[in-house]
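Novice: Below is one structure. I have some questions about it.
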Amino acid sequence: MAVYNKGSSSVPVARRTVLGFGILGVLGVLFGSKLSNRLNGLFSGLSPNNPLSNLLPGGAGFEIYTVAGFPVEKPVQYRLEVSGLVNTSLSLTYEDLLKLPVTHLTKDFQCVTGWRVPNVKWSGVRLSNVLELAGLKENAKAVLFKSFDGVYTESLTLNQAMRSDVIVAYSMLGGPITEEHGGPVRLYVAPMYGYKSIKWLASIEVAKAIVPGYWENLGYDQNAWIGRSNGRTDQPVD
Ligand SMILES: Nc1nc2c(c(=O)[nH]1)N[C@H]1C(S)=C(S)[C@@H](COP(=O)(O)O)O[C@H]1N2
Ligand SMILES: [Mo]
């Protein structure tokens with residue numbers, strides 16, 4: 293189970309504490325529910341090259357993070373609510389998202405605590421496409437995100453949200469996003485650290501100003517651009 297918290301020696305105390313509680317929560321979930329059966333099944337006799345091994349915690353090098361358990365939402369029940377400073381509020385189904393123009397990205401995933409997964413395949417809809425579908429009001433300046441875990445939040449400036457490498461993702465690692473990775477739908481903000489990529493995406497609200505997200509309230513940067521020393525080559529925008 294060490295996978296949940298390796299390499300975090302430089303992490304601020306607040307975060308270590310929260311992750312510590314997270315680990316207890318995760319263990320509770322793993323050993324207290326059907327997930328444990330599923331994982332036991334997967335652990336027995338799976339070679340690391342088996343595509344199913346992506347379902348394991350840390351599959352393909354990811355560490356599974358959650359600050360509030362593992363909410364379950366089946367694709368058929370899933371809705372993405374888009375509201376706020378838009379001309380038309382939307383309630384998009386999973387099918388609606390699949391019908392919108394698809395964007396594929398192959399990019400690294402970099403957590404601010406130090407681990408990185410190179411060349412991850414992502415597919416989804418550009419956030420800008422979703423926002424254009426709703427139609428932005430003139431005073432729109434920021435985009436706020438909520439997770440259906442009921443706790444995690446994030447936000448981006450409108451300029452950041454409109455970038456072509458920011459997607460509402462429904463596929464990663466070559467298949468649908470698993471429950472553990474924030475399925476059926478999460479955000480993927482390619483040029484920023486992993487904490488921007490909110491899992492179990494429930495709602496998008498267009499607003500006048502950003503609102504600091506879960507980790508930003510605990511001291512992390514709102515502008516979470518991956519450092520150039522970590523391989524980012526493109527231009528940040530405010
Ligand atoms: N809802 C939610 N989204 C989240 C998090 C979380 O705890 N809850 N952790 C963030 C952090 S810090 C990282 S690095 C990535 C990890 O994604 P993974 O769990 O798919 O590896 O999710 C981000 N999105
Ligand atoms: Mo992270």
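Residue numbering for the sequence shown is 293 to 530, as defined by this note's numbering. Backbone N, C-alpha and C define an ideal beta-carbon position, used for all residues, glycine too. Predicted model only: the values in this text are computed from it and were never measured.
Report the residue ranges of all beta strand (DSSP E) runs contained in full by the segment 359-425; include only those spanning at least 3 residues, in chain order.
Specialist: Correct list: 371-376, 382-385, 395-402 and 408-418.
Novice: Between the segment 513-523 and the segment 465-472, do three or more beta carbon pairs fall short of 8 Å?
Specialist: The segment 513-523 vs the segment 465-472: no contact.
Novice: Which residues share a DSSP beta bridge with M484?
Specialist: According to DSSP, M484 bridges with W517.
Novice: What separation, rounded to the nearest whole angstrom, lies between the Cα atoms of S463 and K413?
Specialist: Taking the straight line from one Cα to the other gives about 8 Å.
Novice: For L468, which beta-bridge partners are listed by DSSP?
Specialist: Strictly speaking, residue 468 in this sequence is Pro, with Leu absent from that position. Answer is S463, bridged to P468.
Novice: Would you be able to state if there are at least three C-beta pairs under 8 Å between the segment 435-452 and the segment 387-394?
Specialist: Contact between the segment 387-394 and the segment 435-452 is absent, because fewer than three Cβ pairs lie under 8 Å.
Novice: Given that a residue counts as buried once 16 or more other Cβ atoms are within 10 Å of its Cβ, and exposed if not, what is P476?
Specialist: With 16 or more other Cβ atoms within 10 Å, it is buried.
Novice: Tell me which residue opens and which closes the beta strand (DSSP E) that A494 is part of.
Specialist: Element bounds for A494: L493 to A499.
Novice: Give me, in chain order, the residues of the same chain whose beta-carbon lies closer than 8 Å to that of P528; leave out the 5 immediate sequence neighbours on both sides.
Specialist: Within the same chain, P528 has close Cβ partners P483, N515 and W517.
Novice: Output the distance between the C-alpha atoms of F354 and E424, rounded to the nearest integer angstrom.
Specialist: Cα-Cα distance, rounded: 32 Å.
Novice: What's the C-alpha gap between L493 and G474?
Specialist: One C-alpha to the other measures close to 8 Å.
Novice: Under the three-state reduction of DSSP, which class applies to D526: helix, strand or coil?
Specialist: Coil at D526, not helix or strand.
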